[in-house]
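Enquirer:
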Amino acid sequence: MSSGSVDRRASSTAAPVEAGDAPPDGSSATHTLKLHQLLALRSPTTDTSGHLVVDVQPMATDDGYGSNRPDLISRPAVHFVLAFDDLTYSVKRSRRSFHRSRHVGTDATTGESTARTRTLLDGISGEAREGEILAVLGASGAGKSTLIDALADRIQRESLCGAVTLNGEALDGRLLKVISAYVMQDDLLYPMLTVAETLMYSAEFRLPRSLSASKKRSRVQALIDQLGLRAAANTIIGDEGRRGVSGGERRRVSIGIDIIHDPIILFLDEPTSGLDSTSAFMVVKVLQLIAQSGSVVIMSIHQPSYRILGLLDRLLFLSRGRTVYNGPPTGLPLFFSEFGHPIPDGENPAEFALDTIRELEGTQDGTKELVEFSKSWQEKPLSRAISDASTGTHDKPSLSLKEAISLSIARGKLVSGTSTGGDTSTAAATKMSTYANPWWVEVWVLTRRAFTNTRRTPELFLIRLCTVVVTAFILATVFWQLDNTPKGVNERFGFFAIGMSTMFYTSADALPVFLIERYIFLRETAHNAYRRSSYTLSNAIVAFPPLVLLSLAFTAITFFAVDLAGGAQGFVFFVLIVFASFWAGSGFVTFLSGVVPHVIIGYTVVVAVLAYFLLFSGFFVTRDRIPDYWIWFHYLSLIKYPYQAVMQNEFGADPGKCFMRGVQMFDGTPMGKLPEATKVNVLNAMSKSMRVDFNSSSCITAGPDILAKQAVTDLGKWACLWVTIAWGFLFRVLFYLTLVLGSRNKRR
Numbered sequence: 029m030s031s032g033s034v035d036r037r038a039s040s041t042a043a044p045v046e047a048g049d050a051p052p053d054g055s056s057a058t059h060t061l062k063l064h065q066l067l068a069l070r071s072p073t074t075d076t077s078g079h080l081v082v083d084v085q086p087m088a089t090d091d092g093y094g095s096n097r098p099d100l101i102s103r104p105a106v107h108f109v110l111a112f113d114d115l116t117y118s119v120k121r122s123r124r125s126f127h128r129s130r131h132v133g134t135d136a137t138t139g140e141s142t143a144r145t146r147t148l149l150d151g152i153s154g155e156a157r158e159g160e161i162l163a164v165l166g167a168s169g170a171g172k173s174t175l176i177d178a179l180a181d182r183i184q185r186e187s188l189c190g191a192v193t194l195n196g197e198a199l200d201g202r203l204l205k206v207i208s209a210y211v212m213q214d215d216l217l218y219p220m221l222t223v224a225e226t227l228m229y230s231a232e233f234r235l236p237r238s239l240s241a242s243k244k245r246s247r248v249q250a251l252i253d254q255l256g257l258r259a260a261a262n263t264i265i266g267d268e269g270r271r272g273v274s275g276g277e278r279r280r281v282s283i284g285i286d287i288i289h290d291p292i293i294l295f296l297d298e299p300t301s302g303l304d305s306t307s308a309f310m311v312v313k314v315l316q317l318i319a320q321s322g323s324v325v326i327m328s329i330h331q332p333s334y335r336i337l338g339l340l341d342r343l344l345f346l347s348r349g350r351t352v353y354n355g356p357p358t359g360l361p362l363f364f365s366e367f368g369h370p371i372p373d374g375e376n377p378a379e380f381a382l383d384t385i386r387e388l389e390g391t392q393d394g395t396k397e398l399v400e401f402s403k404s405w406q407e408k409p410l411s412r413a414i415s416d417a418s419t420g421t422h423d424k425p426s427l428s429l430k431e432a433i434s435l436s437i438a439r440g441k442l443v444s445g446t447s448t449g450g451d452t453s454t455a456a457a458t459k460m461s462t463y464a465n466p467w468w469v470e471v472w473v474l475t476r477r478a479f480t481n482t483r484r485t486p487e488l489f490l491i492r493l494c495t496v497v498v499t500a501f502i503l504a505t506v507f508w509q510l511d512n513t514p515k516g517v518n519e520r521f522g523f524f525a526i527g528m529s530t531m532f533y534t535s536a537d538a539l540p541v542f543l544i545e546r547y548i549f550l551r552e553t554a555h556n557a558y559r560r561s562s563y564t565l566s567n568a569i570v571a572f573p574p575l576v577l578l579s580l581a582f583t584a585i586t587f588f589a590v591d592l593a594g595g596a597q598g599f600v601f602f603v604l605i606v607f608a609s610f611w612a613g614s615g616f617v618t619f620l621s622g623v624v625p626h627v628i629i630g631y632t633v634v635v636a637v638l639a640y641f642l643l644f645s646g647f648f649v650t651r652d653r654i655p656d657y658w659i660w661f662h663y664l665s666l667i668k669y670p671y672q673a674v675m676q677n678e679f680g681a682d683p684g685k686c687f688m689r690g691v692q693m694f695d696g697t698p699m700g701k702l703p704e705a706t707k708v709n710v711l712n713a714m715s716k717s718m719r720v721d722f723n724s725s726s727c728i729t730a731g732p733d734i735l736a737k738q739a740v741t742d743l744g745k746w747a748c749l750w751v752t753i754a755w756g757f758l759f760r761v762l763f764y765l766t767l768v769l770g771s772r773n774k775r776r
């Protein structure tokens, strides 16, 4: 058993209840027995971790317990105490409220709220200590998650009133991210990774490069055993379409990835939500072991079972943002008994408390009386006695914050890899970096993880490849072996416009990638697992190989089938411009995925914007015919540059190549239906009248003439290629900015 492990055992002697503390119904004997059951002893333990062991002898006090108070034996030293005092947090109401509330005045005539703010936390105070689990309870809307967010520095400091301190010192946000972890309510995991792989990738993020790979694997294997996941170690996480681990195992994996570095403070938002009683108990049992290893564990929980209640050290009940009980579970029976609502024998005290709070919330005065009683209860000697007997004395830590962190690192916490040895100086605490690894290590790990996850879903790439191949095949057969006539020229225009726009439309498959990973990204970056720039670069690297294969597939099918010009050089350039189009389209869609909140909205925006790009690309309306007030959109069009590049690659490769000879100039006009001899006579007559020597074999229009007519002469083909590639990089930079600005992980 670890040094922090404790057993609560009943004292052989009950402490008498003072007359002033007797319940109003006079049943003192019954409640004396309950108090006897509540004042439990911690079993003596042998401390081997370097914790200070103290033996508190019984002494006479003024609270009426004297020598009958239970001895506090073999208490491990408490190095960390997270205290919060008078936390208050309000939010502005963004719309009219037609719901009458006792906290917000309502205009009886209009039904409009007369207040513009809603208080979510109202003067919450308390503390959480190393080796203990502080559980925040309350009905939905009581403020549980808000309080957890406030303690975890996930609320803007200017919006939160009150103080949060660790060992009496104000917490710096950067330091808190390094020494803490936050487990969200939802299990946000990559479905195709196994349990062991998920934890190993987390270890590579959170554990420093100075630790060898074998030590990281050892840490992962030890954590798998600690979490009780040995049987599921090689099972994929799974999702709705693939069977994987169970719900309880998923929740333990979610906890594991955030405690891989053994944080000093662990925040959890309803870790038992959605689990059956057995799975929920196993999760909280794991949290108890984590607390006993020297961590401060703070969690919100909706309705704990009787077994889970026995694992919790301190409870904080909230009702509409106000404290209604703060103390150990063992104090609940006496608390509600003195309040006049005794807990029936055999009933779960936590469930009774929650039911009572809900009933009071539905009354005229709400829980106001209970809140006031809770304040007076905290000052009673009996309340302090129960708290001391259940969770230990409230002595302040003897070490400063930096000294305590250094000592914890020396004991193995934070798995920092710093060689502090027995040194308890402040050096270790001050040398902790914001990120565990350099950025290139983060990029390498992120890239490997993404490739592993996508490699196990090959159908996604195969579907995209099939789409491109089918599109290329259709275009190749429709535009098969185009000739060098005016009709062939117009058909080339259509092929280039459809082909280049296809590159961008098929890139829309990149849209769901980040939308699916968004909340995983937010969770991992909330406590500095890696940099946002590392994720951006990794995202681009992972997207690169598929784009190469798609470009080669499309080009190989269409270039020779359509009989495009340029030979080998033209083919190479066509491959490059198709790849650049895929690159720019992927970057554009990736950027949008960082802006839009939903897949359906994203696809709507992508289709609409790409339609605008095609409209102003120069195919439907040439550049010189676009109105001045829309010309800016022409230069912003992503399709303009690849379309112009392939046009110049086709019609500028051989300036002497002719695309209209003699009587071909009548094609597409009413004179095109005349007999061939008549068209020759008309041509000869025109030649004589214009005094220009041309005949039926003379070249009327060459490639440069077509380019001038289509107004695609402002940029060369290589300039268009580089601009298209630059667009792809620009959108990746914009995507990075959306990650920086849109992932603050803090309430306002």
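Those letters in the sequence shown? Residues 29 to 776, by my numbering.
Every residue gets a Cβ at the ideal spot worked out from N, C-alpha and C, and that includes glycine.
Taking its Cβ as the centre, do 16 or more other Cβ atoms sit within 10 Å of residue 289, making it buried, or is it exposed?
Expert: In the sequence shown, residue 289 corresponds to position 261, counting from 1. Buried is the call here.
Enquirer: Mapping the DSSP letters down to three states, classify residue 12 as helix, strand or coil.
Expert: Past the boundaries of the shown model lies residue 12; the chain is included only from 29 to 776, so the question cannot be answered.
Enquirer: Please report the residue range of the beta strand (DSSP E) in which residue 152 lies.
Expert: Working through the sequence shown from its first residue, we reach residue 152 at position 124. Where residue 152 is concerned, the enclosing beta strand (DSSP E) stretches over 145-157.
Enquirer: Strictly by DSSP, which residues pair up with residue 163?
Expert: Numbered from its first residue, the sequence shown carries residue 163 at position 135. Paired residues: 327 and 343.
Enquirer: Looking at C-alpha atoms only, which residue of 380, 348, 159 and 378 is the closest neighbour of residue 389?
Expert: In the sequence shown, residue 389 corresponds to position 361, counting from 1. Closest by alpha carbon: 348.
Enquirer: Quick one: measure Cβ to Cβ for residue 148 and residue 164, integer angstroms, because I've assumed they're closer than 8 Å.
Expert: Here the question's residue 148 lines up with position 120 in the sequence shown. Here the question's residue 164 lines up with position 136 in the sequence shown. Contact flag wrong, Cβ pair sits at about 13 Å.
Enquirer: From which residue to which residue does the beta strand (DSSP E) around residue 499 run?
Expert: Within the sequence shown, residue 499 is the residue found at index 471, counting from 1. Looking at the DSSP string, residue 499 is not in any beta strand (DSSP E); the run it does join, the alpha helix (DSSP H), is 486-506.
Enquirer: Alpha carbons only, please: which of 681, 739, 469 and 728 is nearest the one belonging to residue 231?
Expert: As a first step, residue 231 is located in the sequence shown; it is residue number 203 there, counting from the start. It is 469.
Enquirer: Can the beta-carbon of residue 644 be found less than 7 Å from the beta-carbon of residue 665?
Expert: Counted from its first residue, the sequence shown places residue 644 at position 616. Counted from its first residue, the sequence shown places residue 665 at position 637. Yes.
Enquirer: Go through the region 617-647 residue by residue and report every complete run of the alpha helix (DSSP H) that reaches 4 residues or more, in order.
Expert: DSSP runs (the alpha helix (DSSP H)) wholly in the region 617-647: 627-643.
Enquirer: Leaving out the 5 sequence neighbours to the left and right, which residues in its chain are closer than 6 Å to residue 334 when beta-carbon positions are compared?
Expert: Working through the sequence shown from its first residue, we reach residue 334 at position 306. Excluding sequence neighbours, residue 334 sits near 376.
Enquirer: So, under 8 Å CB-CB, residue 762 and residue 631 are touching, yes? Tell me the CB distance rounded to an integer number of Å.
Expert: Residue numbering aside, residue 762 sits at position 734 when the sequence shown is read from its first letter. Residue numbering aside, residue 631 sits at position 603 when the sequence shown is read from its first letter. Not confirmed; about 19 Å, so no contact.
Enquirer: May I ask which residues mark the beginning and end of the alpha helix (DSSP H) holding residue 310?
Expert: Start at 1 with the first residue of the sequence shown, and residue 310 comes out as number 282. Here the alpha helix (DSSP H) through residue 310 covers 305-320.
Enquirer: So, helix, strand or coil for residue 60, using DSSP?
Expert: Along the sequence shown, one-based indexing puts residue 60 at 32. Any reading at residue 60 needs caution, since the residue's pLDDT is 37, under 50, leaving its predicted position unreliable; the model's value is listed next. Reduced to three states, the DSSP call for residue 60 is helix.
Enquirer: Could you give the distance in angstroms between the alpha-carbon of residue 302 and the alpha-carbon of residue 183?
Expert: Indexing the sequence shown from 1 puts residue 302 at position 274. Indexing the sequence shown from 1 puts residue 183 at position 155. The straight-line gap from Cα to Cα measures roughly 26 Å.
Enquirer: Would a C-beta distance cut-off of 7 Å place residue 259 and residue 252 closer than the cut-off?
Expert: Here residue 259 refers to the residue found at position 231 when the sequence shown is read from its first residue. Here residue 252 refers to the residue found at position 224 when the sequence shown is read from its first residue. No, the pair does not count as a contact, with Cβ atoms beyond the cut-off.
Enquirer: Given this structure, state the Cα-to-Cα distance separating residue 96 from residue 369, to the nearest angstrom.
Expert: Residue 96 sits at position 68 when you count from the first residue of the sequence shown. Residue 369 sits at position 341 when you count from the first residue of the sequence shown. Any answer about residue 96 is weak, because its pLDDT of 39 lies below 50 and its placement is not dependable; what the coordinates show is given next. Their Cα atoms are separated by approximately 27 Å.
Enquirer: Flag this pair as touching only if the region 520-533 and the region 427-437 have three or more C-beta atom pairs under 8 Å; answer yes or no.
Expert: No, they do not touch.
Enquirer: Is residue 224 close to chain B? Criterion is C-beta to C-beta, closer than 7 Å.
Expert: Of the protein chains in the structure, only one exists, and it is not chain B.
Enquirer: Please confirm if the region 188-208 is in contact with the region 240-255, defined as three or more CB-CB distances below 8 Å between the two stretches.
Expert: No contact exists between the region 188-208 and the region 240-255.
Enquirer: Report the partner residues of residue 295 according to the DSSP bridge assignment.
Expert: Sequence index remark: in the sequence shown, residue 295 carries index 267 (1-based). In DSSP, residue 295 forms a bridge with 210 and 326.
Enquirer: Do the CB positions of residue 181 and residue 201 come within less than 7 Å of each other?
Expert: Taking the first residue of the sequence shown as position 1, residue 181 is located at position 153. Taking the first residue of the sequence shown as position 1, residue 201 is located at position 173. Contact flag set, yes.
Enquirer: If residue 492 sits next to residue 534, beta carbons under 8 Å apart, how far is it from one beta carbon to the other, in whole angstroms?
Expert: What you label residue 492 is simply residue 464 of the sequence shown in a count that begins at 1. What you label residue 534 is simply residue 506 of the sequence shown in a count that begins at 1. With a Cβ gap of about 7 Å, residue 492 and residue 534 count as contacting.
Enquirer: Given a threshold of 16 other Cβ atoms within 10 Å of its Cβ, counted over all protein chains shown, does residue 668 qualify as buried or as exposed?
Expert: The sequence position of residue 668 within the sequence shown is 640, counting from 1. It counts as buried.
Enquirer: Quick one: grab the DSSP three-state call for residue 258.
Expert: Residue 258 sits at position 230 when you count from the first residue of the sequence shown. Helix at residue 258.
Enquirer: With a Cβ-Cβ cutoff of 7 Å, do residue 292 and residue 219 count as a contact?
Expert: Numbered from 1 along the sequence shown, position 264 holds the residue referred to as residue 292. Numbered from 1 along the sequence shown, position 191 holds the residue referred to as residue 219. No. Outside cutoff.
Enquirer: Flag this pair as yes or no: are the beta carbons of residue 352 and residue 345 separated by less than 7 Å?
Expert: For this step, residue 352 is matched to residue 324 along the sequence shown. For this step, residue 345 is matched to residue 317 along the sequence shown. In this structure, residue 345 lies closer than 7 Å to residue 352 by Cβ.
Enquirer: Which of the three DSSP states, helix, strand or coil, is assigned to residue 520?
Expert: Translated into positions along the sequence shown, residue 520 becomes position 492. Looking at residue 520 - three-state DSSP - the assignment turns out to be helix.
Enquirer: Counting only runs that start and end within the region 344-413, where is the beta strand (DSSP E) found for 3 or more residues in a row?
Expert: Taking only runs of at least 3 residues, the beta strand (DSSP E) segments lying wholly in the region 344-413 are 350-355.
Enquirer: For residue 193, list the residues DSSP reports as bridge partners.
Expert: On the sequence shown, position 165 is the one that residue 193 refers to. 111 and 198, per the DSSP bridge assignment.
Enquirer: Do you know offhand how far residue 565's Cα is from residue 471's?
Expert: As a first step, residue 565 must be located in the sequence shown, where it is residue number 537. As a first step, residue 471 must be located in the sequence shown, where it is residue number 443. If you take the alpha carbons of residue 565 and residue 471, they lie about 7 Å apart.
Enquirer: With residue 752 as the anchor, note down where its alpha helix (DSSP H) starts and where it stops.
Expert: In the sequence shown, counting from the first residue as 1, residue 752 sits at position 724. Looking at the DSSP string, the run of the alpha helix (DSSP H) that includes residue 752 is 745-770.
Enquirer: Residue 653: buried (16+ other C-beta within 10 angstroms of its C-beta) or exposed?
Expert: As a working mapping, residue 653 is identified with position 625 in the sequence shown. When all chains shown are included, residue 653 counts as exposed.
Enquirer: According to the Cβ coordinates, are residue 236 and residue 464 closer than 7 Å?
Expert: One-based indexing of the sequence shown puts residue 236 at position 208. One-based indexing of the sequence shown puts residue 464 at position 436. Yes, the pair counts as a contact, with Cβ atoms nearer than the cut-off.
Enquirer: Are residue 314 and residue 336 close, meaning C-beta to C-beta below 7 Å?
Expert: Indexing the sequence shown from 1 puts residue 314 at position 286. Indexing the sequence shown from 1 puts residue 336 at position 308. Taking 7 Å as the Cβ cut-off, residue 314 and residue 336 do not qualify as a contacting pair.
Enquirer: Quick check: the region 697-717 against the region 675-685, are there 3 or more CB pairs under 8 Å?
Expert: Output reads no: the region 675-685 does not touch the region 697-717.
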